[in-house]
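Notes follow once the structure below has been shown.
2 protein chains.
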Amino acid sequence: MDGVRFFADCQARVAVELISGRWSMVVLYALAEGPVRPGELREQIGGISQKVLTETLRRLERNGLVQRDRYAEAPPRVEYSLTAAGADLLTPIRALGDWAAQYADQLPTGNEP
Amino acid sequence: MDGVRFFADCQARVAVELISGRWSMVVLYALAEGPVRPGELREQIGGISQKVLTETLRRLERNGLVQRDRYAEAPPRVEYSLTAAGADLLTPIRALGDWAAQYADQLPTGNEP
Numbered sequence: 002m003d004g005v006r007f008f009a010d011c012q013a014r015v016a017v018e019l020i021s022g023r024w025s026m027v028v029l030y031a032l033a034e035g036p037v038r039p040g041e042l043r044e045q046i047g048g049i050s051q052k053v054l055t056e057t058l059r060r061l062e063r064n065g066l067v068q069r070d071r072y073a074e075a076p077p078r079v080e081y082s083l084t085a086a087g088a089d090l091l092t093p094i095r096a097l098g099d100w101a102a103q104y105a106d107q108l109p110t111g112n113e114p
Numbered sequence: 002m003d004g005v006r007f008f009a010d011c012q013a014r015v016a017v018e019l020i021s022g023r024w025s026m027v028v029l030y031a032l033a034e035g036p037v038r039p040g041e042l043r044e045q046i047g048g049i050s051q052k053v054l055t056e057t058l059r060r061l062e063r064n065g066l067v068q069r070d071r072y073a074e075a076p077p078r079v080e081y082s083l084t085a086a087g088a089d090l091l092t093p094i095r096a097l098g099d100w101a102a103q104y105a106d107q108l109p110t111g112n113e114p
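Here the protein sequences come in this chain order: A and B.
Numbers given in my numbering equal positions in the first sequence, counted from 1, plus 1.
Numbers given in my numbering equal positions in the second sequence, counted from 1, plus 1.
Here's what the structure looks like:
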């Protein structure tokens, strides 16, 4: 029983780490409706620099949540899209958003003493 | 639309921050079935020091996820339990656990380049 709990937590923590980057969830959301080209992605997401967007996409790609597709057109076209794992991660992310929408305003914040 | 996305993300990030501590989810899980005394809590959770357990409980209490109840018995009895916000947070945590159970093993890990 306690083992089950502890196991469940360790598993969940993997997911928490994957989405805990400052822009990870924003980028996953921006790809929710289908493949997007890098330029459009930056337009859609306000306030992200090109450097940070590139870093975030590379990390998500390395973590298996996002894939980069390169089409040999003229000029070559690049699109990013969610993998199956990335798309399914939107379910818990939305559950976190629902929770926060209900409780965030009434909670004290800050992890400092 | 993009505004909605971005808003949803900001809200979700509050929840991610609340559960991202090393032991936060373990302690929330350990309280899932009802109030627990601090000594039992430490027995149930393997590998947590008294100091870290106390710090985790205080942070969760400060964040409005856990409450501390003190009963004026002889000797005085202290129990910790989930608030409504803490109990409802188990839903997205379980969704993260379900996701991780399905995908964690097949994903590359590591946030380093």
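Just so it is clear, CB atoms sit at the ideal spot from N, CA and C, and this is done for glycine as well.
Span of the alpha helix (DSSP H) holding V53(B)? If you number the second sequence from 1, residue 53(B) lands on position 52. Annotation: the continuous alpha helix (DSSP H) that includes V53(B) extends over 51-63.
Short of 7 Å in beta carbon distance, which residues of its chain neighbour G65(B), apart from the five on each side in sequence? Order them along the chain.
If you number the second sequence from 1, residue 65(B) lands on position 64. So the qualifying residues of the chain are T84, A86.
Exercise for review: Determine, using beta carbons only, whether G35(B) comes closer than 7 Å to chain A.
Suggested key: Taking the second sequence and counting its residues from 1, the one referred to as residue 35(B) is at position 34. No - not a single Cβ of chain A is within 7 Å of the one on G35(B).
Report task. Note down, in chain order, every chain B residue with its Cβ under 7 Å from the Cβ of L97(A). Result -> Numbered from its first residue, the first sequence carries residue 97(A) at position 96. A13, A16, V17, P93, listed in chain order.
Problem - Residues near V1(A) by beta carbon distance below 8 Å, same chain, minus five either side - result: A query on residue 1(A) cannot be resolved here, the shown segment of chain A reaching from 2 to 114 and no further.
- Residues within the region 53-69 of chain B neighbouring chain A, beta-carbon criterion of under 7 Å: Residues R60, R63, N64, G65.
Report the three-state DSSP secondary structure of L83(A) (helix, strand or coil). By one-based count along the first sequence, residue 83(A) stands at place 82. Judged by DSSP in its simplified three-state form, L83(A) adopts strand.
Item to complete: Give the single residue among P36(A), Q51(A), T92(A) whose Cα lies nearest to the Cα of W24(A).
Response: As a first step, residue 24(A) must be located in the first sequence, where it is residue number 23. It is Q51(A).
Next item on the list: Ignore the nearest five residues each way along the sequence and tell me which others in V37(A)'s own chain have a CB closer than 8 Å to its CB.
Entry: In the first sequence, counting from the first residue as 1, residue 37(A) sits at position 36. So the qualifying residues of the chain are A31, Q45, E80, Y81, S82.
- Query: Assuming P120(B) contacts P93(A) under a Cβ cut-off of 8 Å, what Cβ separation, rounded to an integer in Å, is found between them?
  - Reply: Residue 120(B) is absent from the structure shown; chain B starts at 2 and stops at 114.
Contact under 7 Å by Cβ, A13(B) with A101(A) | To locate residue 13(B), count along the second sequence from 1; it is residue 12. To locate residue 101(A), count along the first sequence from 1; it is residue 100. Yes, the Cβ-Cβ distance between A13(B) and A101(A) is below 7 Å.
Nearest chain B C-beta to A102(A) closer than 7 Å, yes or no? As a working note, residue 102(A) is residue 101 in the first sequence. With 7 Å as the cut-off, A102(A) counts as an interface residue toward chain B.
Cβ of P77(B) less than 7 Å from any chain A Cβ? For the purposes of this step, residue 77(B) is identified with residue 76 of the second sequence, where counting begins at 1. No, P77(B) lies away from the interface with chain A (no Cβ there is under 7 Å from its Cβ).
> Are the beta-carbon atoms of V15(B) and A75(A) separated by less than 7 Å?
Replying inline: Within the second sequence, numbered from 1, the residue matching residue 15(B) stands at position 14. Within the first sequence, numbered from 1, the residue matching residue 75(A) stands at position 74. Using a Cβ distance threshold of 7 Å, V15(B) and A75(A) do not count as a contacting pair.
- Proximity test, Cβ basis, 7 Å: S50(B) and chain A: Indexing the second sequence from 1 puts residue 50(B) at position 49. Judged by the 7 Å Cβ criterion, S50(B) is not in contact with chain A.
In the DSSP assignment, find the beta strand (DSSP E) that holds R116(B) and state where it starts and stops. Any property of residue 116(B) remains undetermined from this structure, which presents chain B solely from 2 to 114.
State yes or no: is the beta carbon of S82(A) nearer than 7 Å to at least one beta carbon in chain B? For the purposes of this step, residue 82(A) is taken as the residue at position 81 of the first sequence. With a threshold of 7 Å between beta carbons, S82(A) makes no contact with chain B.
Q: Report the residue from E18(B), L97(B), D99(B), D89(B) whose alpha carbon sits nearest the alpha carbon of D34(B).
A: Residue numbering aside, residue 34(B) sits at position 33 when the second sequence is read from its first letter. Correcting the residue type first, residue 34(B) is Glu in the shown sequence and not Asp. Here the closest residue by C-alpha is D89(B).
- Task: Could you check what DSSP says for R69(B) in three-state terms: helix, strand or coil?
- Result: Sequence index remark: in the second sequence, residue 69(B) carries index 68 (1-based). The answer is strand: DSSP assigns R69(B) an E or B state.
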